[in-house]
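**Q**
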Amino acid sequence: MKRKDLWLKAGLCLGICLRLSCSAPGFSVEVAPAATRQQLDVGVAETLELERKTEAARQQWEVDRQTLAERTHAMELEEKLLAVRLRKLDGYREQRLAEIGRLEEGLARMEDVGLRLEPFLDELVGRLEGLMGNDLPFALEERERRLEDLRESLDRYEVDLAEKLRRVMEVLRIEAGFGRGFEVGEETLSLAGVETTVRVLRLGRVALYYLTLDGRQAGWYNQRLKLWQPLTTAAGEAVKEALRMALKQRAFDLVRLPVVAEEKP
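Positions 8 to 272 (this note's numbering) are the ones given, in order, by the sequence shown.
#1: Quick check: the Cα distance between Ala130 and Asp221, rounded to an integer number of angstroms?
#2: My output table needs one value for Glu284: the three-state DSSP class, helix, strand or coil.
#3: How many Å lie between Ser35 and Glu53 at the Cα?
#4: Could you pull the start and end residues of the alpha helix (DSSP H) that Leu154 belongs to?
#5: Ends of the alpha helix (DSSP H) at Leu168?
#6: Nearest-angstrom Cα distance between Glu248 and Leu210?
#7: Let me know the secondary structure DSSP gives Glu202 once reduced to three states.
#8: If we require 4 or more residues per run, which alpha helix (DSSP H) segments fall completely within the segment 207-272?
#9: For Ser30, count the other beta carbons within 10 Å of its own beta carbon; 16 or more makes it buried, fewer makes it exposed. Which is it?
#10: Which class does Leu88 belong to by DSSP, given the choice of helix, strand or coil?
#11: Identify, in the order they occur along the chain, each residue of the same chain with its Cβ nearer than 8 angstroms to the Cβ of Leu208, setting aside the five sequence neighbours on each side.
#12: Report the residue from Gly121, Glu118, Arg153 whose alpha carbon sits nearest the alpha carbon of Leu135.
#13: Taking C-alpha atoms, which residue in Val205, Gln236, Ala258, Arg212 lies nearest to Arg187?
#14: On the three-state DSSP scale, how would you describe Leu196?
#15: What residues in its chain sit with their C-beta under 8 angstroms from that of Ile181, if we drop five residues either side in the sequence?
#16: Within 10 Å of its beta-carbon, does Trp235 have 16 or more other beta-carbons around it, so buried, or fewer, so exposed?
#17: Under the rule that 16 or more other beta-carbon atoms within 10 Å means buried, what is Val132, buried or exposed?
#18: So Gly243 and Ala225 are supposed to be a Cβ contact under 8 angstroms. How far apart are they, rounded?
#19: Cα separation between Pro144 and Gly113?
#20: Could you name the residues of the same chain whose beta carbon sits closer than 7 angstroms to that of Arg109, not counting the 5 residues immediately before and after it, in chain order?
#21: Roughly how many angstroms separate the alpha carbons of Leu198 and Gly121, rounded to a whole number?
#22: Run the CB neighbour count on Tyr99, radius 10 Å, all protein chains shown included, and call it buried at 16 or more, exposed below.
#23: To the nearest angstrom, how far is it from the Cα of Asp71 to the Cα of Arg78?
#24: Give me the Cα-Cα distance between Leu147 and Glu155, rounded to the nearest whole angstrom.
#25: Do Arg173 and Glu193 have their CB atoms nearer than 7 angstroms?
#26: Under a Cβ-count criterion, where at least 16 other Cβ atoms within 10 Å of its own Cβ denotes burial, should Cys24 be classed as buried or exposed?
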């Protein structure tokens with residue numbers, strides 16, 4: 008359509024020029040040679056090609072402009088997203104800094120506790136050793152070995168404070184467990200100068216009783232005097248019944264057994 012319009016315009020211009028030329032005085036009309044028309048065709052073709060290229064360039068520019076606008080919009084959205092993330096990261100960083108501050112304060116307190124805790128553990132083990140020296144004489148070898156290992160671990164530099172505390176608490180737990188329940192075992196005691204195998208009944212940390220294997224002699228540990236003493240026949244029968252209950256040879260019942268109360272200062 009554009010090509011046709013261009014040809015019409017070119018023909019109209021040529022007609023006007025010829026008309027003006029013909030009306031001028033002394034003007035003679037000459038028919039343009041074929042070469043002139045060919046040149047005109049070439050000029051029109053070049054004009055059309057230029058217009059086509061211009062239109063193509065305009066369309067390409069429109070595409071490029073739209074692409075650039077879309078990229079600009081995407082970059083604006085990305086900038087907003089990055090701003091939001093940066094704000095969140097700033098908040099997260101502030102939280103972590105506050106947490107680090109609290110941890111540093113806690114670490115300082117722990118160091119202070121550590122400086123006080125290690126001497127306290129040494130003192131606690133010393134008290135435990137004193138308690139064992141005044142306690143009933145049961146499982147002495149096992150308990151003394153446990154305390155010796157504990158004391159050695161407290162003196163070792165490479166054992167950290169947490170592990171030292173754990174080991175002390177473990178020994179305390181075991182020792183506290185001896186105060187509950189009862190236990191029956193066999194031991195060899197020196198009775199009247201004779202080494203005798205007996206059954207020993209331990210009632211918590213309250214009392215120790217023995218009964219010879221033949222059941223004829225019973226006794227108890229006098230903690231006040233720190234020695235084993237024989238019991239009367241009646242008390243011996245009570246020890247025998249208590250042993251039977253501890254060994255689950257009869258139902259549990261109340262029995263009267265001698266104990267020694269602590270002396271008040």
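Just so it is clear, CB atoms sit at the ideal spot from N, CA and C, and this is done for glycine as well.
**A** Checking against the coordinates, here is how it stands:
#1: Stepping through the sequence shown from its first residue, residue 130 is reached at position 123. Stepping through the sequence shown from its first residue, residue 221 is reached at position 214. Here the sequence assigns Glu to residue 130, which means Ala is not the residue at that position. Looking at the two C-alpha atoms, the distance is approximately 45 angstroms.
#2: Nothing can be reported for residue 284: it is not among the residues displayed for the chain, which extend from 8 to 272.
#3: Walking along the sequence shown from the start, residue 35 turns up at place 28. Walking along the sequence shown from the start, residue 53 turns up at place 46. Model confidence at Ser35 stands at a pLDDT of 47, short of 50, so the residue's coordinates are unreliable and nothing is read from them.
#4: Looking up residue 154 in the sequence shown gives position 147. Start and end: 147-162.
#5: Along the sequence shown, read from residue 1 onward, the residue named residue 168 stands at position 161. Per DSSP, Leu168 belongs to the alpha helix (DSSP H) from 168-184.
#6: Walking along the sequence shown from the start, residue 248 turns up at place 241. Walking along the sequence shown from the start, residue 210 turns up at place 203. Going by the C-alpha atoms only, they are around 14 angstroms apart.
#7: Numbered from its first residue, the sequence shown carries residue 202 at position 195. Note: Glu202 maps to strand in three-state DSSP.
#8: 240-253
#9: Within the sequence shown, residue 30 is the residue found at index 23, counting from 1. Low confidence applies here, because Ser30 scores a pLDDT of 46, under 50, leaving its location unreliable and the question unanswered by this model.
#10: Locating residue 88 in the sequence shown gives position 81, counting from the first residue. Looking at Leu88 - three-state DSSP - the assignment turns out to be helix.
#11: Here residue 208 refers to the residue found at position 201 of the sequence shown. Correct list, in chain order: Phe189, Glu190, Val191, Leu215, Tyr216, Tyr217, Leu218, Val246, Ala249, Leu250, Ala253.
#12: In the sequence shown, the residue the question calls residue 135 occupies position 128. The candidate whose alpha carbon is nearest that of Leu135 is Arg153.
#13: Walking along the sequence shown from the start, residue 187 turns up at place 180. The residue with the shortest Cα to Cα distance from Arg187 is Arg212.
#14: Start at 1 with the first residue of the sequence shown, and residue 196 comes out as number 189. The answer is strand: DSSP assigns Leu196 an E or B state.
#15: The count along the sequence shown starts at 1 and reaches residue 181 at position 174. Closer than 8 angstroms at Cβ, skipping near neighbours: Arg153.
#16: The residue you call residue 235 lines up with position 228 of the sequence shown. Buried.
#17: Within the sequence shown, numbered from 1, the residue matching residue 132 stands at position 125. Result: buried.
#18: Residue mapping note: residue 243 aligns to position 236 of the sequence shown, counting from 1. Residue mapping note: residue 225 aligns to position 218 of the sequence shown, counting from 1. So it is a contact: roughly 3 angstroms between Cβ atoms.
#19: In the sequence shown, residue 144 corresponds to position 137, counting from 1. In the sequence shown, residue 113 corresponds to position 106, counting from 1. Pro144 and Gly113: Cα-Cα distance of roughly 44 angstroms.
#20: Within the sequence shown, the letter at position 102 stands for residue 109. There are no such residues.
#21: In the sequence shown, residue 198 corresponds to position 191, counting from 1. In the sequence shown, residue 121 corresponds to position 114, counting from 1. Distance between the alpha carbons of Leu198 and Gly121: 50 angstroms.
#22: Start at 1 with the first residue of the sequence shown, and residue 99 comes out as number 92. Under this definition Tyr99 is an exposed residue.
#23: Stepping through the sequence shown from its first residue, residue 71 is reached at position 64. Stepping through the sequence shown from its first residue, residue 78 is reached at position 71. For Asp71 and Arg78, the distance between alpha carbons rounds to 10 angstroms.
#24: The residue you call residue 147 lines up with position 140 of the sequence shown. The residue you call residue 155 lines up with position 148 of the sequence shown. Spanning the two alpha carbons is a distance of roughly 12 angstroms.
#25: In the sequence shown, counting from the first residue as 1, residue 173 sits at position 166. In the sequence shown, counting from the first residue as 1, residue 193 sits at position 186. Going by C-beta atoms, Arg173 is not nearer than 7 angstroms to Glu193.
#26: By 1-based counting over the sequence shown, the position of residue 24 is 17. Summary for Cys24: the model assigns pLDDT 47, below 50, so the residue's position carries little reliability; its value from the coordinates is reported in the next sentence. By the 10 Å Cβ count, Cys24 comes out exposed.
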